[in-house]
Ligand SMILES: *[C@@H]1O[C@H](CO)[C@@H](O)[C@H](O)[C@H]1NC(C)=O
Ligand SMILES: *[C@@H]1O[C@H](CO)[C@@H](O)[C@H](O)[C@H]1NC(C)=O
């Protein structure tokens, strides 16, 4: 997404042109609009690539792709899948910096949802999300991970049963040995994690 500073956008466009692995979306990068990135990831996943599953991560998430693929492979292929670090019966914070108003979320609890730093959904759910979005039937909530939980719940109730697959190894707060994904990782930590992995060890790098 775009930055208020022109120089930042220019540098980003350069990086995107060089590596060809960034899609720049035509709106400002604001927390309330992050959910639109998730929609864009879903669109990309069905329009621009052919994938059986889509994984959403943050840019400070380190992913053991091969291990995550093995986890996915352990689920029967015909099943609709929602995999991640699942939260059940979480409640909105009503005070403080991250407060959610009653207008934004009137309900007392959130649907079951996978933490945003790393989760996987199957393509049938992605198709459902995009078609609902295009028909303007999709409810958008500023927390993208809760939004996803809401859409998957709707799919589960109206289309077909979803396999909810939980693992704490999709770490939300930093890293734990044996992780599938590690979060809040600096570039140096990413290099260090990769280095350890290539020597066969899924160990954390505990420095910044
Ligand atoms: C993805 O595909 C659509 C439809 O073919 C196209 O309009 C769009 O430019 C593509 N996006 C990217 C980032 O390649
Ligand atoms: C998914 O739907 C089934 C019924 O098909 C229901 O029993 C189950 O509780 C639902 N799961 C969630 C997490 O909503």
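Numbering (this note's numbering), first residue to last: 12 to 219. All C-beta atoms, glycine included, are put in the ideal place defined by N, C-alpha and C. Note that the coordinates shown come from a computational prediction; the quantities given were computed from them, not determined experimentally.
Taking a cut-off of 8 Å on C-beta distances, the segment 128-148 touches the segment 44-53, as three or more cross pairs fall below it.
If you measure from each CB to the nearest heavy atom of ligand 1, the residues under 7 Å come out as 34, 55, 58, 59.
Here the distance from the Cβ of residue 173 to the nearest heavy atom of ligand 2 is below 8 Å. For residue 95, the uninterrupted beta strand (DSSP E) run begins and ends at 91-95, by DSSP. For residue 69, the closest C-alpha among the options 58, 113, 45 is that of 45. Annotation for residue 203: the continuous alpha helix (DSSP H) segment containing it runs 198-209. Rounded to the nearest whole angstrom, the CA to CA distance from residue 82 to residue 88 is 12 Å. CA-CA distance, residue 217 to residue 197, rounds to 11 Å.
Counting every other CB atom within 10 Å of its CB across the protein chains shown gives residue 191 a total of 16 or more, marking it as buried. According to the DSSP assignment, residue 175 belongs to the beta strand (DSSP E) that extends over 173-177.
Per the DSSP secondary-structure output, residue 129 pairs in a beta bridge with 68. With a cut-off of 8 Å, the C-beta of residue 168 is classified as near ligand 2, since at least one heavy atom of the ligand falls inside that distance. When 101, 184, 168, 136 are compared, the shortest CA-CA separation from residue 72 is found for 184. By the neighbour-count criterion, in which 16 or more other beta carbons inside 10 Å mark a residue as buried, residue 209 falls on the exposed side.
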